[in-house]
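Report on the structure given below.
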Amino acid sequence: MRFREAVVFAYAMDWPLNIGITITWTALETAGERNEGHCLGRGEWDREKYTRDELARLCRSEGLPFVALWGRDVGADMGSHVHLSIFWPSYKLAQLVAVIERISGSSADFVLKPYAADVVARSVCGGWQINMNNRKDDKESALEWAEYIAAQHAKHPAPPEIKGKAFGVSEAIGKAAQERERPALEARAAKYSITRPETAESL
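When the sequence shown is numbered by this note's numbering, its final residue is 203 and no position is left out of the sequence of numbers.
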């Protein structure tokens, strides 16, 4: 999974990956909270697709592309979980939290102001958490988070059993989108005499 190219391209398009989301399905199922609209009764792969579909729908409602990369794992402590890195306007954090609450069936324990802390929202059962990319070198931070997501399975002596795709990148920053936008990015770089975007060099 070429996460690095996707992250670099997202930043070249001015879509910073400023939000990290972790959803721990095992914790949500164990907690037993079932707010209306949750997807916990769906199959393992179906709920993953539903989650991304709902996040994409939220983005479309704001006229934004769904910019995201994600990785799934089954850990010894966390059980089944998914990590996502997405682009979402920080001042609209409340709308994002509302969607995660509905999808997961678990209410927020706290929601802080954007950039008030690394962890800005978490569910009452700890089944989901939202992090803000607070670092000044936010692009480098996004790359590190992507590398962490990509390396999930390397921690295990054997790959975990997962139904469906374990890793993915949204269409907005996928290979086809990168190729489509390459001429425009190269033209912009030439016009303003700036360093050629890494994406254009590495694809």
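Backbone N, C-alpha and C define an ideal beta-carbon position, used for all residues, glycine too.
Query, Result
"For Leu101, which residues of its own chain have a beta-carbon under 7 angstroms away from its beta-carbon, when the five flanking residues on both sides are left out?", "Correcting the residue identity first, residue 101 is Glu in this sequence and not Leu. Answer for Glu101: Asn35, Ser107 and Ala108, listed in chain order."
"Let me know if Ala187 comes out buried or exposed under the rule of 16 or more other beta-carbons within 10 Å of its beta-carbon.", "exposed"
"Please confirm whether Trp70 and Lys163 have their CB atoms less than 8 angstroms apart.", "no"
"Under a three-way DSSP split, which group does Ser80 fall into?", "strand"
"Am I right that Leu17 and Glu29 are in contact with their C-beta atoms under 8 angstroms? What's the rounded C-beta distance?", "At roughly 28 angstroms, the Cβ-Cβ gap does not stay under 8 angstroms, so Leu17 and Glu29 are not in contact."
"Can you say whether Gln95 is buried or exposed, counting buried as having 16 or more other CB atoms within 10 angstroms of its CB?", "exposed"
"Does DSSP classify Ile21 as helix, strand or coil?", "strand"
"Below 8 angstroms on the Cβ atoms is my contact criterion, and I expect Gly127 with Ile23 to pass it. Report the Cβ-Cβ distance as a whole number of Å.", "7 angstroms"
"Span of the alpha helix (DSSP H) holding Trp145?", "Asp138 to Ala150"
"If I follow the unbroken alpha helix (DSSP H) through Val67, where does it start and stop?", "Element bounds for Val67: n/a, residue is neither H nor E."
"Kindly list the residues whose CB is nearer than 7 angstroms to the CB of Cys59, restricted to its own chain and excluding five residues on each side of it in sequence; keep chain order.", "Pro65 and Phe66"
"Relative to the alpha-carbon of Pro160, which residue among Cys125, Val82 and Arg57 has its alpha-carbon at the smallest distance?", "Val82"
"Hey, how far is the Cα of Leu185 from the Cα of Gln178?", "9 angstroms"
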